[in-house]
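Here the sequence shown is numbered in my numbering, starting from 3 and rising by one per residue. Below is one structure, written out as structure tokens; comments come after it.
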Amino acid sequence: MKRCGATAGITNEVSNKHISTSKEPFYVTFKTKKWENKKTKLLPTSATTELAPGDKPCETNATLAGGPQVKSVFKKAAAEWMADTCIDFKEDKLAKDSIRVYMEDGCWSFVGRLGGIQNLSLGHGCESIGTAAHELGHAIGFFHTHSRHDRDQFITIDTNNIEPDWLDQFALETVATNDNYGLTYDYGSLMHYGATSSSMNKKPTMVPKDIQYIETLGSPFIGFYDLLMINTHYKCTDMCKGPSSCKNYGFPHPRDCKRCICPSGYGGPLCDRRPDGCGAELVATDKWQTLKDDLGDRKAGGSPREDFMKCNYWIKAPAGKKVQVKFVSFSQGVATDGCPYAGVEIKTHADQRLTGYRLCSEDDKNTILTSTSNIVPIITYNRIYATVTTLEYRYI
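Written as structure tokens, this is what we have:
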């Protein structure tokens with residue numbers, strides 16, 4: 003049975019030792035049209051377990067264990083998956099098929115449905131929403147993105163740098179075991195390890211073909227392509243009939259077909275607006291202008307907070323022009339794989355469904371990104387102390 007863990011950028015490394023705790027577990031049940039069993043063939047993988055008579059589509063049961071923080075981050079992670087899918091999770095100790103969430107040694111989950119009660123561990127060092135969402139992603143069917151059958155087109159794996167005990171976490175799937183529904187590889191997938199994950203010598207274990215994505219690997223967020231894939235797999239996308247009015251690559255929300263699920267950086271019912279909240283819509287000229295973003299909570303101190311603060315900006319240029327964005331500076335002390343504590347995402351691709359380039363290091367100074375259209379969404383985010391992002395922008 004395949005068991006997957008998470009490492010740097012999302013969580014601490016997983017030990018193979020099983021250490022029991024005195025914490026009471028909690029159980030989550032999850033019933034879907036096809037909660038995958040081990041014959042999997044999905045995303046990174048899945049199979050087909052059809053809905054039993056009397057089951058509600060897409061409802062899942064679980065039990066939760068551990069301290070208050072483990073319960074809190076798991077419930078928030080489940081809420082994030084539920085928010086933009088037709089999947090429901092509920093706490094239920096008596097369910098026949100369920101996910102038992104508890105504190106063992108490390109962060110890990112089995113892939114897909116095993117039948118009966120299956121374990122998901124959020125041990126010490128795993129107490130973040132991104133980590134919990136990653137492990138829950140395994141439970142609903144995802145293998146790691148860097149194990150996709152087509153991964154060699156997008157990343158280079160260096161097995162010489164990988165801890166021997168972790169090589170199985172980089173195993174390459176095949177077309178027979180891995181159906182990605184025709185959706186492209188996203189470096190910003192929640193299910194992707196960081197560039198130095200499982201390294202025995204601090205050297206990269208994987209390098210993206212597009213080297214500018216090096217800091218994006220190991221994301222703490224559910225990616226738009228993650229959502230599109232899981233909604234496609236569980237047939238949530240079939241719940242809305244007729245043509246879609248969604249803009250900017252969004253798709254109808256299975257819980258309310260009048261609104262759309264949007265790529266990062268887009269909001270409003272139809273994905274045609276800047277998301278609500280802090281940020282601004284900025285107009286580029288042919289001269290460099292400055293965007294300075296100060297985000298966080300200095301009063302909260304230097305320990306990571308559970309929840310992210312985010313601001314969304316749009317930089318707009320006249321039709322037919324392209325936007326250039328220059329990375330000028332970023333607060334020191336938070337740079338690590340995946341920028342899991344704070345960073346800035348700059349979306350310059352033609353395919354706005356893709357995660358943009360994420361940056362969180364002073365080493366990125368003077369990096370210039372050029373858009374393919376006249377709008378560039380920029381997302382700043384923070385969950386530790388406070389960070390200042392300084393960018394310059396213009397049109398060409």
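In this text, a Cβ means the ideal position worked out from N, Cα and C, and glycines have one as well.
Expressed to the nearest angstrom, what Euclidean distance is found between the alpha-carbon atoms of residue i and residue j?
{"i": "Gln326", "j": "Leu96", "result": "56 Å"}
{"i": "Asp154", "j": "Pro206", "result": "15 Å"}
{"i": "Pro222", "j": "Ile101", "result": "22 Å"}
{"i": "Ile377", "j": "Leu371", "result": "13 Å"}
{"i": "Pro271", "j": "Arg261", "result": "5 Å"}
{"i": "Ile380", "j": "Ser246", "result": "26 Å"}
{"i": "Val390", "j": "Gly303", "result": "16 Å"}
{"i": "Ala81", "j": "Thr161", "result": "36 Å"}
{"i": "His194", "j": "Leu174", "result": "13 Å"}
{"i": "Trp83", "j": "Thr234", "result": "14 Å"}
{"i": "Gln214", "j": "Tyr359", "result": "7 Å"}
{"i": "Val336", "j": "Thr198", "result": "16 Å"}
{"i": "Phe253", "j": "Glu106", "result": "38 Å"}
{"i": "Ala79", "j": "Ile131", "result": "5 Å"}
{"i": "Ile224", "j": "His136", "result": "8 Å"}
{"i": "Cys1", "j": "Thr133", "result": "There is simply no residue 1 to check, as the chain begins at 3 and stops at 398 in what is shown."}
{"i": "Gln171", "j": "Tyr189", "result": "17 Å"}
{"i": "Phe32", "j": "Val103", "result": "For Phe32, the predicted model reports a pLDDT of 48, less than 50, meaning its position is unreliable and no value from the coordinates is stated."}
{"i": "Gly127", "j": "Ser200", "result": "15 Å"}
{"i": "Lys289", "j": "Ile317", "result": "13 Å"}
{"i": "Ser305", "j": "Ser333", "result": "16 Å"}
{"i": "Thr176", "j": "Phe145", "result": "12 Å"}
{"i": "Thr186", "j": "Tyr251", "result": "14 Å"}
{"i": "Val75", "j": "Asp240", "result": "30 Å"}
{"i": "Gly69", "j": "Thr292", "result": "44 Å"}
{"i": "Ser111", "j": "Gly117", "result": "14 Å"}
{"i": "Ala453", "j": "Arg275", "result": "This structure gives no information on residue 453, because the portion of the chain shown stretches from 3 to 398."}
{"i": "Thr392", "j": "Tyr227", "result": "28 Å"}
Taking DSSP as the reference, what is the three-state secondary structure of residue i?
{"i": "Asp228", "result": "helix"}
{"i": "Lys43", "result": "Below a pLDDT of 50, predicted positions are generally treated as unreliable, and Lys43, at 36, falls in that range; the measurement from the model is reported next regardless. Of the three classes helix, strand and coil, the one that applies to Lys43 here is coil, per DSSP."}
{"i": "Arg396", "result": "strand"}
{"i": "Pro277", "result": "coil"}
{"i": "Thr34", "result": "Low per-residue confidence applies at Thr34: pLDDT is 42, beneath 50, and the placement is therefore not dependable, though the value from the model is reported in the following sentence. Three-state result, Thr34: coil."}
{"i": "Glu93", "result": "strand"}
{"i": "Glu15", "result": "A caution first: Glu15 carries a pLDDT of 25, below 50, which makes its placement in the model unreliable, though a value can still be read off. Coil."}
{"i": "Cys264", "result": "coil"}
{"i": "Thr357", "result": "coil"}
{"i": "Cys362", "result": "coil"}
{"i": "Cys341", "result": "coil"}
{"i": "Asn233", "result": "helix"}
{"i": "Tyr387", "result": "coil"}
{"i": "Leu169", "result": "helix"}
{"i": "Asp258", "result": "strand"}
{"i": "Asn163", "result": "helix"}
{"i": "Ala352", "result": "coil"}
{"i": "Thr372", "result": "strand"}
{"i": "Thr176", "result": "coil"}
{"i": "Thr287", "result": "coil"}
Which residue's Cα is closest to the Cα of residue i: the options?
{"i": "Gly184", "options": "Arg150, Ile89, Thr338, Gly322", "result": "Arg150"}
{"i": "Ile386", "options": "Asp309, Gly225, Gly244", "result": "Asp309"}
{"i": "Gly267", "options": "Thr161, Leu174, His351", "result": "His351"}
{"i": "Cys259", "options": "Tyr251, Asn250, Cys238", "result": "Cys238"}
{"i": "Tyr397", "options": "Asp107, Gly322, Val336, Lys349", "result": "Gly322"}
{"i": "Ala282", "options": "Cys273, Lys294, Ile131", "result": "Lys294"}
{"i": "Lys1", "options": "Glu93, Leu116, Arg355, Gly118", "result": "Absent from the structure is residue 1, since the part of the chain shown begins at 3 and ends at 398."}
{"i": "Tyr343", "options": "Met311, Met231, Gln291, Val113", "result": "Met311"}
{"i": "Glu165", "options": "Met208, Leu229, Ser111", "result": "Met208"}
{"i": "Arg115", "options": "Gly69, Glu394, Leu169, Ala141", "result": "Ala141"}
{"i": "Glu217", "options": "Thr287, Cys264, Leu297, Asp365", "result": "Asp365"}
{"i": "Ile157", "options": "Gly125, Gly118, Asp212", "result": "Asp212"}
{"i": "Pro210", "options": "Ser375, Gly340, Tyr383", "result": "Gly340"}
{"i": "Pro277", "options": "Val285, Ile263, Leu124, Thr287", "result": "Ile263"}
{"i": "Cys313", "options": "Pro320, Val346, Lys324", "result": "Val346"}
{"i": "Gly220", "options": "Gly117, Thr338, Lys328, Asp299", "result": "Thr338"}
{"i": "His148", "options": "Ser191, Asn203, Ser123, Ile232", "result": "Ser191"}
{"i": "Ser331", "options": "Ser363, Leu297, Gly298", "result": "Ser363"}
{"i": "Arg257", "options": "Lys367, Thr374, Thr87, Pro265", "result": "Thr87"}
If you follow the beta strand (DSSP E) that residue i is in, where does it begin and where does it stop?
{"i": "Ile348", "result": "344–348"}
{"i": "Leu124", "result": "119–124"}
{"i": "Gln71", "result": "Element bounds for Gln71: not the beta strand (DSSP E) but the alpha helix (DSSP H), 70–85."}
{"i": "Lys367", "result": "Unbroken run through Lys367: none, as it is neither H nor E."}
{"i": "Arg102", "result": "100–104"}
{"i": "Asp296", "result": "291–298"}
{"i": "Gln326", "result": "325–332"}
Is any non-hydrogen atom of the ligand SAM found closer than 8 Å to the C-beta of residue i, if you look at the structure I gave you?
{"i": "Asp365", "result": "Looking for the ligand SAM in the displayed structure turns up nothing, as the structure carries no ligands at all."}
I need the boundaries of the alpha helix (DSSP H) containing residue i, first residue and last residue.
{"i": "Met311", "result": "Taken as a continuous stretch (DSSP letters only), Met311 belongs to no alpha helix (DSSP H), being part of the beta strand (DSSP E) at 311–318."}
Contiguous alpha helix (DSSP H) assignments of at least 4 residues, all confined to the segment 192–222: none
In chain order, each beta strand (DSSP E) run of at least 3 residues that lies wholly inside the segment 108–157: 109–112, 119–124
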